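Residue numbers (this note's numbering), protein chains in the order written: chain A, 3 to 519; chain B, 3 to 194.
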Amino acid sequence: MQTHLVNEARHAGERLHHFHGGLRLRHNKKISCQVPVEKTPLAIRYFVPLRQQTGREAEPLVRTGQSVMKGDPVGRFPQLGGGYLHAPTSGRVTAIARHPNSHPSGEEGLCVVLKPDGLDRWGPLEPLTDWEGTDPGLLRQKIRDAGIVGLGGAVFPTGVKVGEASERGIHTLILNGAECEPYISCDEMLMREQPDTIIHGARILQRAIGAERTVIAIEDQMGAVNASLTGAIKRSGAAGIEIVKVTTIYPEGGEKQLVQVLTGLEIPAGGRPTDLGLLCQNVATATAVARAVSEGKPLIERIVTVTGNGIRKPRNLLAQIGTPIANLVDQCGGYAPGAARLVLGGPMMGYALASDSNPVIKAANCILVLTEDDIRPPQPEMPCIRCGECARVCPAMLLPQQLNWSIRNGLWDETTDLGLAECIECGCCDFVCPSHIPLVEWFRFGKSELQILNAERQQAETARMRFEARESRLENLKLERKQRIAQKKRALGDANEKQEKIAAAIERARAGKGGEN
Amino acid sequence: MLTAIITITLLGVLFGLGLGWASGKFRVEADPVTEQINDILPQTQCGQCNYPGCRPYAEAIARGEAGINQCPPGGESGIRALADLLGVEAVPLNPENGEQKPKAVAVIDEAICIGCTLCIQACPVDAILGATRQMHTVIESECTGCDLCLPPCPVDCIEMVEKPRAPEEWTWPRPPGQKSPAGIPAVPEGSQ
């Protein structure tokens, strides 16, 4: 860690800086901000997918027919710190079955199917009343056990992130409220309606990682948000929490871009904000932390924006994880005429879902229904004309046109050198490409291919080591056997010599005797 | 005149000694080309190239005895990488050595296995576990899918099974779209 950079990062938010590229997009956020957040009523059935984050599926902790209380753990992830999945309501597990999962693959995944008993009763809750006197390690444990993940979209387990951060030493916690993707307004509504919970969560997170101060980054267009958060900070009486307004440019809410705006420092390739002594968390994650610690409630619900021209009454809903998306659409007045595409996530980074029977997952920040008019008519892809627009808007300062070339031709070493791993898949290059090349699709494919290639290389390496170990073992065995045979021969040879000597002595003795005689 | 000759001679001797010392001091034990070739080979150790393992094949290529198109598991991409490294023309896979197959792992039908250890002796990467008259089993993560355990099995209880894909191994598909002409240096796609 470079100390002078860390020290420079301590001034995060004092002066605003720029990041490379980006786009100013139409926000389309207002349509979903007209009414307060509504809670979704109990569903007839919940489908809690066992796969919610990167890595392997969670292992189910419940059996078919078992009764569970709201908040009981129903699954445990074998990787990444071993987080948990919890029951969204009380009821009976009717099956652990395959069901279409909300995942870009469109594949089915194992889901815990829960039939609510209608009582919505919590299991025993264990809140930490005196969180200010609690050991930070215990706070981190609580965060992990509550199954909290980054709710900004990456769904990386917060317990792991916070654990690593506390080891590295963090001076500033950055709460990311810069929700820059068009249409999505779940964080904005959260900051308007629950500012106290956010500030409370920020203070808990600050203690859990040992940070000195917190910077809450919001967009300059969120007027009401600034007022509500400022009020909440005053009410809490906490020192060292500031609000910084950043200019709305997509993708400013990206972790690396936000850090660059706040500090003027670039996070090196392959690095993380922790390299600069910073930790970024989404505002919704902070509320989940507050609930987990002060109320003992695990992460079983989140605010989802249901919006788009294909929805009759766009709004934000507080939905349980596992609720079928169709329920949310119904609550928003159903589909408007001309609804053509169901997208999970925003228009830039989201992916299309095949059906609205898919469940809400922890990563689901937005359900966007586009109409036929919204969807750009699929224009034929044209050859790249090297205009360089993509490179101009790339926030990661990559060369998308070169990457496109090398991925198409399978030049993987070159692709790696061009920094494909740094692509955040924001879609800016796609958006501006005059030839309508689906660049991000290619980059996602390229990342997948590189991953496979690396796995194969690793496998080849272990196979080579095992082969060489076996060869040397066989060689040693051969050598040993040879030595043994040689030894035996020598021993045999010795025996022969002895015999001969004895025989010779006898001979001599006989000869001597004969001579005497 | 004389000074010049003496100076040049002295310098010659001096550099000669220096080079001689350096060649001893910085001697490279293995042939670096062999290493590089071996790194490209898939390490399946299947012997389809007619050499007893990937390293012997790499050595043979380095000596110029073997062609670069004898490795079916490496496939076309392996041949291309070898051609790039050695500066030769890429050639199609030699059909005499077999054809590229999807990755598979050996699975022992444990009910039929008689515990003869023949497959254990045949496995080039020690991926089969077992003992005499005990059940044998394949360590799936170590199996390279080389097929070498199939012929020695007296009861034919080993089967090659294509590796099932775990849900977390899902990858983004290749978008529909033209591949740019390969082998041509990066020139603007539209300018041809």
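We put the CB at the ideal spot given by N, CA and C, even for glycine. In this text, all values refer to a predicted model and were calculated from it rather than measured experimentally.
Asked: Beta-ladder partner(s) of residue 309/A, from DSSP; Found: 370/A
Asked: Cβ-based contacts, 7 angstroms cut-off: residues of the region 117-136 of chain B near chain A; Found: 126, 127 and 128
Asked: Three or more C-beta pairs below 8 angstroms linking the region 124-137 of chain B and the region 86-95 of chain B; Found: no
Asked: Secondary structure of residue 49/A, DSSP reduced to three states; Found: strand
Asked: Three-way DSSP call (helix, strand, coil) for residue 187/B in this model; Found: Per-residue confidence for residue 187/B stands at a pLDDT of 36, beneath the threshold of 50, marking its modelled position as unreliable; no derived number is given.
Asked: CB contact check: residue 105/A to chain B, cutoff 9 angstroms; Found: yes
Asked: Beta carbon proximity, residue 154/B to chain A, threshold 9 angstroms; Found: no
Asked: Cα-Cα separation, residue 192/A to residue 446/A; Found: 31 angstroms
Asked: Alpha helix (DSSP H) runs wholly inside the region 176-210 of chain A, at least 4 long, in chain order; Found: 188-195
Asked: Proximity below 9 angstroms, CB of residue 360/A to CB of residue 397/A; Found: no
Asked: Every unbroken beta strand (DSSP E) inside the region 77-128 of chain B [3 residues or more]; Found: 106-110
Asked: Below-9 angstroms beta-carbon distance, residue 40/B vs any chain A residue; Found: yes
Asked: Buried versus exposed, by CB contacts within 10 Å (16 or more), residue 18/B; Found: exposed
Asked: Whole-angstrom distance between residue 377/A and residue 339/A, CA atom to CA atom; Found: 14 angstroms
Asked: Beta carbon proximity, residue 449/A to chain B, threshold 9 angstroms; Found: yes
Asked: DSSP three-state assignment for residue 32/A, whether helix, strand or coil; Found: helix
Asked: Under the three-state DSSP convention, the category residue 75/A falls into; Found: strand
Asked: Residues near residue 300/A in its chain [Cβ-Cβ closer than 6 angstroms; skip 5 each side]; Found: 73, 88, 148 and 149
Asked: Segment contact, 8 angstroms Cβ cut-off, at least three pairs: the region 156-166 of chain B with the region 100-113 of chain B; Found: yes
Asked: Residue 60/A, enclosing beta strand (DSSP E) - first and last residue; Found: Per DSSP, residue 60/A belongs to no beta strand (DSSP E) and is neither H nor E.
Asked: Given residue 347/A as reference, the closest of 334/A, 185/A, 391/A and 209/A once Cα atoms are compared; Found: 185/A
Asked: Under the three-state DSSP convention, the category residue 27/B falls into; Found: helix
Asked: is_contact[residue 177/B, chain A] using C-beta, thresh 9 angstroms; Found: yes
Asked: Proximal residues, the region 71-82 of chain B versus chain A, C-beta separation under 8 angstroms; Found: 79
Asked: Partners in chain A for residue 166/B, counting only beta-carbon separations shorter than 9 angstroms; Found: In chain order: nothing, as chain A lies at least about 13 angstroms away.
Asked: C-beta neighbour in chain A for residue 46/B, strict 9 angstroms; Found: yes
Asked: Meets three-Cβ-pair contact criterion under 8 angstroms: the region 25-33 of chain A and the region 245-254 of chain A; Found: yes
Asked: Unbroken beta strand (DSSP E) run spanning residue 102/A, endpoints; Found: 93-102
Asked: Chain A residues whose Cβ lies nearer than 8 angstroms to that of residue 36/B; Found: Under the 8 angstroms cutoff, chain A gives no residues; its nearest Cβ is about 13 angstroms from residue 36/B.
Asked: Members of the region 359-375 of chain A that neighbour chain B once the beta carbon cut-off is set at 7 angstroms; Found: none
Asked: Close beta carbons around residue 526/A, own chain, < 7 angstroms, minus the five adjacent residues each side; Found: A question about residue 526/A goes unanswered here, because the residues of chain A that appear run from 3 up to 519.
Asked: Secondary structure of residue 19/A, DSSP reduced to three states; Found: coil
Asked: Limits of the unbroken beta strand (DSSP E) element including residue 113/A; Found: 110-118
Asked: Residues, ordered as in the chain, of the region 297-322 of chain A that lie near chain B by beta-carbon distance below 9 angstroms; Found: none
Asked: Closer than 9 angstroms at the beta carbon, the chain B residues around residue 58/A; Found: 168, 169 and 170
Asked: Distance between residue 476/A and residue 134/B (C-alpha atoms, nearest Å); Found: 19 angstroms
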